[in-house]
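Each remark here refers to the structure printed beneath this line.
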Amino acid sequence: MATGKEAKKKRNIPRKETKQEKAEEKNIDTANNIAKEELITAEVEAKKEVSELKEGAEAKLGGTVGGGAPRKDESSWIPKTELGRKVLNNEITDIMQIFNSGRRITEPEIVDALIPNLESEIIMIGGSTGKGGGIRRTPSKRTTRMHKSGRRFTTSALIVAGNRDGLVGLGFAAGPPAKHQELMQKALQKAKLNLIPIRRGCGSWECSCAKPHSIPLNVTGKSGSVVVELKPAPRGIGLCVSDEIKKIMTMAGIKDVWSKTRGQTQSRINLVKAVFDAMKRLDRFKLQDSQEKILGLAEGKMG
Numbered sequence: 219m220a221t222g223k224e225a226k227k228k229r230n231i232p233r234k235e236t237k238q239e240k241a242e243e244k245n246i247d248t249a250n251n252i253a254k255e256e257l258i259t260a261e262v263e264a265k266k267e268v269s270e271l272k273e274g275a276e277a278k279l280g281g282t283v284g285g286g287a288p289r290k291d292e293s294s295w296i297p298k299t300e301l302g303r304k305v306l307n308n309e310i311t312d313i314m315q316i317f318n319s320g321r322r323i324t325e326p327e328i329v330d331a332l333i334p335n336l337e338s339e340i341i342m343i344g345g346s347t348g349k350g351g352g353i354r355r356t357p358s359k360r361t362t363r364m365h366k367s368g369r370r371f372t373t374s375a376l377i378v379a380g381n382r383d384g385l386v387g388l389g390f391a392a393g394p395p396a397k398h399q400e401l402m403q404k405a406l407q408k409a410k411l412n413l414i415p416i417r418r419g420c421g422s423w424e425c426s427c428a429k430p431h432s433i434p435l436n437v438t439g440k441s442g443s444v445v446v447e448l449k450p451a452p453r454g455i456g457l458c459v460s461d462e463i464k465k466i467m468t469m470a471g472i473k474d475v476w477s478k479t480r481g482q483t484q485s486r487i488n489l490v491k492a493v494f495d496a497m498k499r500l501d502r503f504k505l506q507d508s509q510e511k512i513l514g515l516a517e518g519k520m521g
């Protein structure tokens, strides 16, 4: 015979998803099924706009725009900074002039005007589990936080941009799932603003070609718990790195490199950020003129 009051049994009522949660999940599934070509529509439109503005400027001036840089019409682009006004007036025709002066780029239109052949790649940072435990990689990552009215979803994207000739930039953006296209465009704009010149050379003791096919020296980058060490490789080895890091190396114009990683490398965002941090550290080392000649050092754009 039981003594005292018996404990009441809790009723396990299954929780139903709210209409808002269903709508957000539908938007996320739709966004993940978009093709790569559609995800970088913003980049294609920017290139088209630059080419149209260049043709209009050439027709107006009766010839090619000086220095090969397209001149934008004032009605389409009104610069907000002194640097942007100089680019618009063709006082600056090469982006390396900006990097050498140490000035900061705060308008993505400057990059569009000075680098018309800029390309971009989407880093596959997301994933959805499939049958058998496999993961299907997606271009965006979804995170969830619990609110009193239901779940709240956030989508993030990571894009790398470069000209395959010593210039590379990384852009990260996050926002609501319903604005997936605007999110990709925002990440692309940030990648243009974060554009940096990369030091290249032949730093491997197994190769002495003195051509900028690899990096000039060992360098280490860190982001979170991930530590990435990049090592120069001889010519012909290729990119001995993961698939997502290959995208950064290709955009930077590096053809041969070795890497060593430590930490939670499954976090692709930290992995890519650590590689970008290592690339930024390449220009922190001072080299003598004789060493630069032996290494075949090249910084930034060559062509």
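Following the numbering used here, the numbering of the sequence shown begins with 219 at its first residue and continues without gaps. Backbone N, C-alpha and C fix where the C-beta goes; we use that ideal spot for every residue, glycine too.
Listed in chain order, the alpha helix (DSSP H) runs fully inside the region 461-514 are 461-470, 486-498, 507-513, counting runs of at least 4 residues. The DSSP assignment places complete beta strand (DSSP E) segments of no fewer than 3 residues inside the region 340-415 at 344-347, 353-356, 358-365, 368-380, 385-393, in order along the chain.
Rounded to whole angstroms, R502 and K397 show a C-alpha spacing of 39 Å. Proximity to K464 across A451, P450, V445, V490 peaks at V490, based on C-alpha coordinates. Only residues of its own chain outside the window of five on either side were considered, and among them E327 have a CB closer than 6 Å to the CB of W295, listed in chain order.
Between R355 and R363, the C-beta gap is not smaller than 8 Å, which leaves the two residues out of contact. When secondary structure is reduced to three states using DSSP, A331 falls in the helix class. Contact between L406 and I323 is ruled out by a C-beta separation of about 14 Å, above the 8 Å threshold. Distance between T299 and K349, taken at the CA atoms: about 53 Å. With fewer than 16 other beta carbons inside 10 angstroms of its own, C427 counts as exposed. Residue environment for I353: exposed (fewer than 16 other C-beta atoms within 10 angstroms of its C-beta). Taking 8 Å as the cut-off, the beta carbon of M467 is found closer than this to the beta carbon of L457. Only residues of its own chain outside the window of five on either side were considered, and among them I310 have a CB closer than 7 Å to the CB of K304, listed in chain order. With a cut-off of 8 Å on Cβ pairs, the region 474-488 is not in contact with the region 512-520, counting fewer than three such pairs.
With a cutoff of 8 Å on beta-carbon distance, A409 and L401 are scored as not near each other. When the beta-carbon positions are compared, I414 and V475 stay at least 8 Å from each other.
For the pair A379 and I313, the Cα-to-Cα distance works out to about 15 Å. Taking all protein chains shown into account, N381 has 16 or more neighbouring C-beta atoms within 10 Å of its C-beta and is therefore buried.
Residue C425 holds the alpha-carbon nearest to the alpha-carbon of R453 among G439, K478, V446, C425. In this chain, the alpha helix (DSSP H) harbouring V305 covers 300-306. Per DSSP, the continuous beta strand (DSSP E) segment holding S441 begins and ends at 437-441. Inter-residue distance for I316 and L513 is about 25 Å (C-alpha atoms, whole angstroms). In the DSSP assignment, P450 falls within the beta strand (DSSP E) that extends over 444-450.
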